[in-house]
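Taking it in order: structure first as structure tokens, then the write-up.
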Amino acid sequence: MKSAKSYIEENKQRFIDELIELLKIPSISADSAYKKDIKLTADAVKSSLEKAGCSLVEICETPGNPIVYGEKIIDPSLPTILVYGHYDVQPPDPLDLWDSPPFEPIIKKTDLHPEGALFARGACDDKGQMYMHVKALEYMTAQGELPCNVKFMIEGEEEVGSVNLGWFVEQNHEKLANDVILISDTGMIAKDIPSICTGLRGLSYVEVEVTGPNRDLHSGLYGGAVANPINILAKMIASLHDENNHITIPGFYDAVENLSGEERAKMAEAPFSKEAYCKSLDIEDVYGEKGYTTNERNSIRPTLDVNGIWGGYTGEGAKTVIASKAHAKISMRLVPHQDWKEITELFKKHFESIAPKGVTVKVTPHHGGQGYVTPIDTLEYRAASKAFEDTFGKSPIPQRSGGSIPIVALFERELKSKTILMGFGLDSDAIHSPNEHFGLWNYLKGIETIPRFYHHFTEMSK
Ligand code: BES
Ligand code: MN
Ligand code: MN
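18 is the number of the first residue of the sequence shown in this note's numbering; add one for each residue after it.
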């Protein structure tokens, strides 16, 4: 029987090559032109699970993109781990900012990844991290090391709000019954500082449209006499934060949980260098809500950000025009206890109320989800902590993340089980950005650490 380390060493080139094949398929869920590739990716995930040792694998159709379900039940009296991940990816735009094509994976060395990193859309989020679980299963079944039952649920709509997964989970309580949900779709602090993600922010995503005159106008003939929707939209957006970078929507903070001084002090123990942070982003200083540290601003505090804004003439040269319409896409990251549907309503009411006469405003909600926070005095946290200790030689640090996986709160509500978030990516891996990558060291370390979780979770459940 081989240890995970030696099994990985012997098979690592194949593990990398297989991931490269998966990364070549552009499974972009936001763009319906890629439906065919979504299907191809689901099929590829299915066959990888079969090869890794699942005894049952099926493609579950939904009104949207298919969900891949797999299982290996060795003994119903043993615990069951449900692995969740997603095979869809974000659009790669803007393409000209990539140093190599997003769906032609290549390995390059970087300062943080001297062993090499795989550059491709989805390398880290989440194909690479999801595939670690497939390879960990392969190791455990091939070496007779699988200590418990396992189920896989890999979806294809995470990046567009998991719109059909909620329905699937509600319909399949029994099929998905488990003792713990295991996800690798977050990050860790650094390669030598493992961490377990103990919180995710919720999300409300809306689109706004401001309409002025019924047609585009000559900006000389009409300029100054009618409301310019782009000027107005800019003003309205600017008014959503005050001078302390506090959000001005009435009621927005009502449900926000204030952490105790003790909890904030504990958070501040996590290693963080403002200097290195600024340097990595080429910025002179950080920016955000008064009274909070950077780590607090991007985890325990809610935010409001414009993700895109457009209108008028943006082509080459100059065109003198007052556009009839202006648009923006706005996301609000929420913290536990803020209800995303309530926040969406508050935003809508407020945004409509601040529009001056002379324009009309339309607010269209896209998607959203609840935040998540989990305690650390649980069996699954201790099992994950031991797993990291085994392979990193040190205890992981609990850390709340700023990102969102909205379905996690629903899992807890519907399946009555806790989620453990064992992430192996780094913030610098550029997920959702051009040149997304995933360190080969991180990929292989993940494959090595996951079976340790299976082992400790099973042992500790006895
Ligand atoms: N994997 C990310 C979320 C994430 C990344 C959480 C890093 C913590 C650390 C996920 O794929 C994602 O991007 N989620 C979206 C939300 C979704 C509803 C579009 C997000 O956070 O923007
Ligand atoms: Mn993800
Ligand atoms: Mn993502």
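Each residue gets a CB set at the ideal place from its N, CA and C atoms; glycine is no exception. All of these numbers come straight from a predicted model, not from anything done at the bench.
When burial is assigned at 16 or more other CB atoms within 10 Å of the CB, is residue i buried or exposed?
i    : result
G375 : exposed
Q188 : exposed
A255 : exposed
H130 : buried
D259 : exposed
R138 : buried
R417 : buried
F289 : exposed
R430 : exposed
H454 : buried
I300 : exposed
E88  : buried
E174 : buried
Using DSSP's beta-bridge definition, name the partner residues of residue i.
i    : result
T311 : In the DSSP output, where bridge partners are listed per residue, T311 has none listed.
W327 : H344
G102 : I171
D322 : S348
A207 : I210
G456 : A134
T436 : I198
V151 : For V151, which the question treats as bridged, DSSP gives no partner whatsoever.
I467 : In the DSSP output, where bridge partners are listed per residue, I467 has none listed.
I339 : L234
N166 : T97
DSSP on residue i, reduced to helix/strand/coil?
i    : result
H130 : coil
K252 : helix
F441 : coil
F120 : coil
N28  : helix
L135 : strand
V180 : coil
K505 : Coverage of the chain is limited to positions 18 through 479, which leaves residue 505 absent and any answer about it impossible.
I198 : strand
I33  : helix
K479 : coil
I300 : coil
K125 : strand
G332 : coil
Q160 : coil
S20  : coil
H449 : coil
C141 : coil
H473 : helix
E292 : helix
E431 : helix
L193 : coil
E286 : coil
E306 : coil
Between residue i and the rest of its own chain, which residues show a CB-CB distance below 6 Å, the 5 nearest in sequence each way excluded?
i    : result
D233 : V338, A340 and S341
N261 : K307
T320 : R350
K403 : H473
T466 : A404 and T408
G456 : H130 and A134
Can you list, in chain order, the residues of its chain whose CB lies under 7 Å from that of residue i, leaving out five sequence neighbours each side?
i    : result
A400 : F470, H473, F474 and M477
R314 : G305 and E306
E397 : V197, K435, I437 and F474
S179 : E172, P423 and I424
R108 : Note on residue identity: the sequence assigns Pro, not Arg, to residue 108. Excluding sequence neighbours, P108 sits near I45, A47 and D48.
V223 : I347, T361, F364, V380, T381, P382 and H383
G240 : I339
Who are the near neighbours of residue i in its chain, counting only those whose CB is closer than 8 Å to its CB and skipping five residues on each side?
i    : result
A194 : T97 and L432
V243 : G229, P230, L234, I339 and G375
L461 : I25, K29 and F32
P353 : G216, G219, E274, Q387, G388, Y389 and V390
T377 : V227 and T228
A69  : V151, K152, L154, E155 and T158
P93  : N166
Tell me which residues pass a beta-carbon proximity test against ligand 5: closer than 6 Å to any heavy atom, given in chain order.
Of the ligands this structure carries, namely ligand 1, ligand 2 and ligand 3, none is ligand 5.
Run through the stretch 355 to 429 for me and flag every whole alpha helix (DSSP H) of 4 or more residues, listed as ranges in chain order.
Correct list: 357 to 370 and 396 to 409.
Report the start-end ranges of each alpha helix (DSSP H) in the stretch 47 to 118 that is 4 residues or longer and not cut off at the edges.
As far as the stretch 47 to 118 is concerned, its whole alpha helix (DSSP H) runs of at least 4 residues are 52 to 69.
Write down every uninterrupted run of the beta strand (DSSP E) in the stretch 216 to 281 whose length is 3 residues or greater and which is fully enclosed by it, in chain order.
You should have 219 to 228.
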